[in-house]
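Shown next, in C-alpha cells, is the structure this report addresses.
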Amino acid sequence: MIDLVTFGETMVSFRTSGALVSGAACTAHVAGAESNVAIALSRLGHRARWVGGLTDDALGDLVAATLTGEGVDVVRADPVGRPAGLMLLQRRTADVARVAYARKDSAGSCLTEAPVLEALEHGARRLHVTGITPALSDTARQTTLTVVTEAARRGVAVSLDVNHRAALWSREDARAVLTEIVPHVDLLVASADELDLVGEDGASEEDLIADLADRGCAEVLLKRGGEGATLHRDGRRLDAAARPVTVVDVVGAGDACTAGYLSGRLDGVSDEACLERAMTLGAFAVSTVGDWEGLPRRHELGLLSGAASD
Ligand code: CKP
Ligand code: MG
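Take any residue in the sequence shown, count from 1 to its spot, add 3: that is its number in my numbering.
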C-alpha cells in the first residue's frame, strides 16, 4: 500500500544566486510544497505518490523526471491546455530570497478531483494536503475540499499544512476555506503565525489548540523556525529545539520539517522521535541550498549528530 498520497502544483523554479537584473545566472529546479514532502519521504524509504497537472513539454518533463528519479510515484494529470506554472527565486542575501510566481491559470492550478481520487483508490495510509492548493483557483479549491472529504470518509488519515502564501490569497479567504477542511483532518501542521487561519482571528495558541481538538483534530505540529517546534497531541504538549546548524537557505524548511514528522508517524515511533526527525529534516533543509535537494536518505539521518545511521 502507498504510504502517502499528495497532490498540488509543482513548478519549474528558476533560481539565481544574485539579482537577475545584475546578470546573475539562472538555473532550473523543481519546486512545490507537496512534492517536497513526497521527495523527502521517498528518500527515507516510504512509498509516496504525487498527483498534479503537468504540461507535455520540457517543463512538465523536468518535473516528472525529477520526481520519478527521486522514487516518487507520479500521476501526471491532464494540463487542460494550460501553460506550466513557473517561479523565479532570486537569492539577494544569505537570508533573503525574493520569490515571484507565474502560476495563474497554469496546468498545475487547474487540477480536478478525478485523478486524485483514482490515485487513492487502492488505499493509502495518509493523504497530505497544503493550504497552497486551494489558494490556486476555484477548481483547485473544490478539488481539495472534495478529496479531503472523500478520503476521510474512506478512513484515510488526512494531514493539512497551512502553508499560507500571501501572494495567492488573503488571510480572510484562507481562513474561510481552511476552516472547512479542518473537520476532515487528524493532523494539522502550521507555523505559529498561521495557526489562527484555522480558527478565530487573533485567538491565543491555547484556545486555538483546544478548539481544534473539539473539531476532531487532536494532533497539531507547530513550526517555530529557528526556535524549533511544538507538538500538541491528545492534550499533551511537547517542545523540541531546532538543531544548531549554519543556515544557508530556508526555503523548503517547513516542508522538510513536516515530512520528518510524517516519516516518524509512518514508522510508528514515539512522539519525541517524530519531533526529533522533524527537527533533523528541517536542519538539513536550512543548511543546504535548494528546496529539497539537500534532504537526507535514511542512512544519512545521523549525519548531523556526527555519525551516519541506518
Ligand atoms: O514553506 P516552505 O518554505 O517549506 O515551502 C516551500 C515551497 O510550494 C516551495 O518549493 C514553493 O514552490 C512552494 O512552497 C510555493 O508554492 O511557494
Ligand atoms: Mg511553509
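Note that beta-carbon positions come from the ideal geometry of N, C-alpha and C, so glycine has one too. All figures in this text were calculated on a predicted structure; none of them were measured in a lab.
Quick one: measure Cβ to Cβ for Val-33 and Leu-7, integer angstroms, because I've assumed they're closer than 8 Å. No, Val-33 and Leu-7 are not in contact; Cβ-Cβ is about 18 Å, not under 8 Å.
I need the DSSP call for Val-180, collapsed to helix, strand or coil. Residue state, collapsed to three classes: helix.
Would you kindly check if the distance between the Cβ of Leu-284 and the Cβ of Ala-259 is under 7 Å? Taking 7 Å as the Cβ cut-off, Ala-259 and Leu-284 qualify as a contacting pair.
So, at 6 Å on beta carbons, what are the nonlocal neighbours of Arg-178 in its own chain, with the 5 sequence-adjacent residues on each side left out? Taking Arg-178 as the centre and dropping the five residues before and after it, the same chain places the C-beta of Leu-200 closer than 6 Å to its C-beta, in chain order.
Could you tell me the distance, in whole angstroms, from the CA atom of Arg-106 to the CA atom of Leu-278? Arg-106 and Leu-278: Cα-Cα distance of roughly 33 Å.
Which of the three DSSP states is assigned to Glu-222 in this structure? Of the three classes helix, strand and coil, the one that applies to Glu-222 here is strand, per DSSP.
State the DSSP-derived secondary structure class of Gly-293, mapped to helix, strand or coil. Here Gly-293 sits in coil by DSSP.
Rounded C-alpha distance that separates Gly-63 from Leu-57: Straight across, the Cα-Cα distance linking Gly-63 with Leu-57 is about 5 Å.
Does the ligand CKP have a heavy atom nearer than 6 Å to the CB of Gly-255? Taking 6 Å as the cut-off, one finds at least one heavy atom of the ligand CKP near enough to the beta carbon of Gly-255.
Let me know if Gln-93 comes out buried or exposed under the rule of 16 or more other beta-carbons within 10 Å of its beta-carbon. Buried, since its Cβ has 16 or more Cβ neighbours within 10 Å.
Is Gly-35 near the ligand CKP, going by C-beta to nearest heavy atom under 6 Å? In this structure, Gly-35 has its CB closer than 6 Å to one or more heavy atoms of the ligand CKP.
Using 7 Å as the threshold, is the C-beta distance between Arg-240 and Ala-195 below it? Taking the C-beta atoms as reference points, Ala-195 is found no nearer than 7 Å to Arg-240.
I believe Gly-72 touches Gly-111 by the beta-carbon criterion, under 8 Å. Please report the beta-carbon distance rounded to the nearest angstrom. So it is not a contact: roughly 19 Å between Cβ atoms.
Measuring straight from C-alpha to C-alpha, what distance separates Ala-193 and Ile-184? Put simply, the backbone Cα of Ala-193 is about 14 Å away from that of Ile-184.
Who are Ser-162's beta bridge partners in DSSP? In the DSSP output, where bridge partners are listed per residue, Ser-162 has His-131 and Leu-190.
With distances taken from CA atoms, which of Arg-268, Asp-252 and Gly-229 is nearest Ala-97? Ranked by Cα distance from Ala-97, the options Arg-268, Asp-252 and Gly-229 are led by Asp-252.
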